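J.: Mind looking over this structure? Questions follow.
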Amino acid sequence: MSGRGVVVGVVAVVVLVGGAYVGDRVAESAAEERVVEAIEQNLDVVGTPTVELGGFPFLTQVLAGSIDDVTGQVAGVTLDGIDATDVTIDAHDVSTSEPYTMGTATISATLPTASIERIVAERSDLEITLAVDGDALTASGKVLGLSLAADLVPRVEDGTLLVNVQNVQVAGLTVDVDDLPSALGDRLTNVEIPVAGLPEGLVLSEATVVPDGVRITATGRDVVLPTEAPPAG
Numbered sequence: 043m044s045g046r047g048v049v050v051g052v053v054a055v056v057v058l059v060g061g062a063y064v065g066d067r068v069a070e071s072a073a074e075e076r077v078v079e080a081i082e083q084n085l086d087v088v089g090t091p092t093v094e095l096g097g098f099p100f101l102t103q104v105l106a107g108s109i110d111d112v113t114g115q116v117a118g119v120t121l122d123g124i125d126a127t128d129v130t131i132d133a134h135d136v137s138t139s140e141p142y143t144m145g146t147a148t149i150s151a152t153l154p155t156a157s158i159e160r161i162v163a164e165r166s167d168l169e170i171t172l173a174v175d176g177d178a179l180t181a182s183g184k185v186l187g188l189s190l191a192a193d194l195v196p197r198v199e200d201g202t203l204l205v206n207v208q209n210v211q212v213a214g215l216t217v218d219v220d221d222l223p224s225a226l227g228d229r230l231t232n233v234e235i236p237v238a239g240l241p242e243g244l245v246l247s248e249a250t251v252v253p254d255g256v257r258i259t260a261t262g263r264d265v266v267l268p269t270e271a272p273p274a275g
């Protein structure tokens with residue numbers, strides 16, 4: 043084969059590979075747009091979700107019926123009336139046909155102090171203000187006309203987000219929660235923060251205090267994705 047023939051052959055291969063690459067990227071971009079639309083239809087989101095589908099080539103994954111990796115981020119969502127921010131999604135082995143499932147999935151979100159403050163106030167029937175101090179939540183307010191200060195410790199137990207009150211100070215005196223009158227002590231123990239609206243199969247697994255509030259994480263296997271938007275209102 044002449045030198046010119048070799049060059050022509052190489053150019054032809056590059057064009058074919060380049061065309062396949064472009065087609066693959068176009069298909070992936072279109073799929074990402076559909077995922078964004080599905081998120082917007084099934085969640086009460088704030089802002090426009092961003093989604094990235096991992097793995098190359100993409101078309102072979104579609105033909106195989108499963109996408110290797112899906113990551114996404116949403117500025118905010120409302121989970122059954124509770125505002126959450128900085129929502130991230132990390133899923134693997136996502137099926138491309140119904141019922142849509144994620145082989146493994148992790149969703150994390152931050153519950154701002156304002157959201158937790160409202161729930162704790164409702165559940166404890168106490169007027170309090172929450173703030174973050176390092177790796178702890180602090181509460182301050184009034185109880186029976188006396189100044190109250192305490193640390194709030196979030197934890198996840200059996201998939202439920204709970205908050206316990208520790209290091210209680212009433213009128214400047216340190217008091218053990220167990221020594222408080224039961225009518226008050228019971229309201230400061232195992233305060234449940236309801237987190238609902240997650241896809242079937244996702245279970246809360248972790249809660250950590252962060253500068254903006256409490257960072258929660260839910261994990262699961264064979265997580266089923268909703269195929270229809272929830273009813274309006």
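Per our numbering, the very first residue in the sequence shown carries number 43; after that it's consecutive.
Ideal Cβ placement from N, Cα and C applies to all residues, glycine included.
Fair warning: this is a prediction, and the values are worked out from it, not measured in the lab.
With DSSP as the reference, please indicate the residues paired to Glu199 in a beta bridge.
T.: Start at 1 with the first residue of the sequence shown, and residue 199 comes out as number 157. DSSP lists Thr202 as partners of Glu199.
J.: Taking the continuous alpha helix (DSSP H) assigned at Ala139, which residues delimit it?
T.: As a working note, residue 139 is residue 97 in the sequence shown. For the sequence presented, residue 139 should be read as Ser rather than Ala. Where Ser139 is concerned, there is no enclosing alpha helix (DSSP H), given that its DSSP letter is neither H nor E.
J.: Could you check the C-alpha separation between Leu215 and Asn209 for me, to the nearest Å?
T.: Indexing the sequence shown from 1 puts residue 215 at position 173. Indexing the sequence shown from 1 puts residue 209 at position 167. Rounded to whole angstroms, Leu215 to Asn209 spans 10 Å at the Cα level.
J.: Helix, strand or coil for Thr155 per DSSP?
T.: Here residue 155 refers to the residue found at position 113 of the sequence shown. Three-state DSSP puts Thr155 in a helix.
J.: What's the C-alpha gap between Ile149 and Val217?
T.: Taking the first residue of the sequence shown as position 1, residue 149 is located at position 107. Taking the first residue of the sequence shown as position 1, residue 217 is located at position 175. About 38 Å.
J.: For Gly123, count the other beta carbons within 10 Å of its own beta carbon; 16 or more makes it buried, fewer makes it exposed. Which is it?
T.: Position 81 of the sequence shown, counted from the start, is the residue given in the question as residue 123. By the 10 Å Cβ count, Gly123 comes out exposed.
J.: If I follow the unbroken beta strand (DSSP E) through Gly183, where does it start and stop?
T.: Taking the sequence shown and counting its residues from 1, one reaches residue 183 at position 141. That run of the beta strand (DSSP E) goes Ala178 to Val185.
J.: Taking the CB atoms as reference points, tell me whether Gly243 and Arg263 lie closer together than 8 Å.
T.: Position 201 of the sequence shown, counted from the start, is the residue given in the question as residue 243. Position 221 of the sequence shown, counted from the start, is the residue given in the question as residue 263. Yes, Cβ-Cβ distance for Gly243 and Arg263 is below 8 Å.
J.: Do the stretch 162-173 and the stretch 123-133 touch if we need at least three Cβ pairs shorter than 8 Å?
T.: With the cut-off at 8 Å, the stretch 162-173 and the stretch 123-133 do not touch.
J.: Please name the residue in Arg160, Leu85, Ser108 and Asp86 whose C-alpha comes closest to that of Gly96.
T.: Here residue 96 is taken as the residue at index 54 of the sequence shown, counted from 1. Among Arg160, Leu85, Ser108 and Asp86, the Cα nearest to that of Gly96 is on Ser108.
J.: Going by the beta-carbon positions, is the gap between Thr261 and Ala151 smaller than 8 Å?
T.: Mapped onto the sequence shown, residue 261 falls at position 219. Mapped onto the sequence shown, residue 151 falls at position 109. No. Outside cutoff.
J.: Distance, Cα to Cα, Asp110 vs Pro236?
T.: On the sequence shown, residue 110 is found 68 positions in, with the first residue counted as 1. On the sequence shown, residue 236 is found 194 positions in, with the first residue counted as 1. C-alpha separation (whole angstroms): 32 Å.
J.: So for Asp86, helix, strand or coil by DSSP?
T.: As a working note, residue 86 is residue 44 in the sequence shown. Looking at Asp86 - three-state DSSP - the assignment turns out to be coil, as it is neither helix nor strand.
J.: My understanding is that Val198 touches Leu246, with C-beta atoms under 8 Å, so please give their C-beta distance in whole angstroms.
T.: By one-based count along the sequence shown, residue 198 stands at place 156. By one-based count along the sequence shown, residue 246 stands at place 204. Val198 to Leu246, Cβ: 5 Å. Contact.
J.: From what residue to what residue does the beta strand (DSSP E) around Leu168 run?
T.: The count along the sequence shown starts at 1 and reaches residue 168 at position 126. From DSSP, Leu168 is part of no beta strand (DSSP E); its letter is neither H nor E.
J.: Give me the Cα-Cα distance between Glu140 and Asp86, rounded to the nearest whole angstrom.
T.: Translated into the one-based positions of the sequence shown, residue 140 becomes position 98. Translated into the one-based positions of the sequence shown, residue 86 becomes position 44. Going by the C-alpha atoms only, they are around 23 Å apart.
J.: Does DSSP put Asp125 in a helix, a strand or coil?
T.: Numbered from its first residue, the sequence shown carries residue 125 at position 83. DSSP places Asp125 in strand when its eight states are reduced to three.
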